[in-house]
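In the numbering used here, the protein residues as written are -3 to 59.
These notes concern the structure reproduced below.
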Amino acid sequence: MGVTIDYSICRGAECAECYNNCPMEVFEIEGDKVVVAREEDCSYCGVCEDVCPTGAVKVEPEE
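The following block contains the structure:
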């Protein structure tokens, strides 16, 4: 499954808590959206999920 963002509730670049707090720098900002740019670098630590104020970011380790 990996890292997913629910764009129907994500506040994007105006928030960017996932982008600002990811220790692995998995996210990028493209225009007004935050996107998962380097999922292969994700350590599945869950920081992005924890800091997301809307619950838009979900982390599920690949099996």
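No residue lacks a Cβ here, since even glycine has one placed at the ideal position from N, Cα and C.
Everything numeric in this text was worked out from a predicted model, so none of it was measured.
By the three-class DSSP mapping on this structure, what secondary structure does Gly27 have?
DSSP places Gly27 in coil when its eight states are reduced to three.
I'd like to check one pair, Ala9 with Asp28: are the Cβ atoms closer than 8 Å?
Yes, Cβ-Cβ distance for Asp28 and Ala9 is below 8 Å.
What's the call for Tyr15, buried or exposed, on a 16-neighbour Cβ count within 10 Å?
Here Tyr15 is buried, its C-beta having at least 16 other C-beta atoms within 10 Å.
Considering only residues of the same chain and omitting the five flanking positions on each side of Glu35, which have a CB-CB separation below 8 Å?
By the criterion of a C-beta distance shorter than 8 Å, Glu35 is surrounded in its chain by Gly(-2), Val(-1), Val22, once the five residues flanking it on both sides are discounted.
Who are the Cβ neighbours of Val43 in its own chain at under 7 Å, not counting the five residues just before and after it?
Taken in chain order, the residues that qualify are Asn17, Cys18, Pro19.
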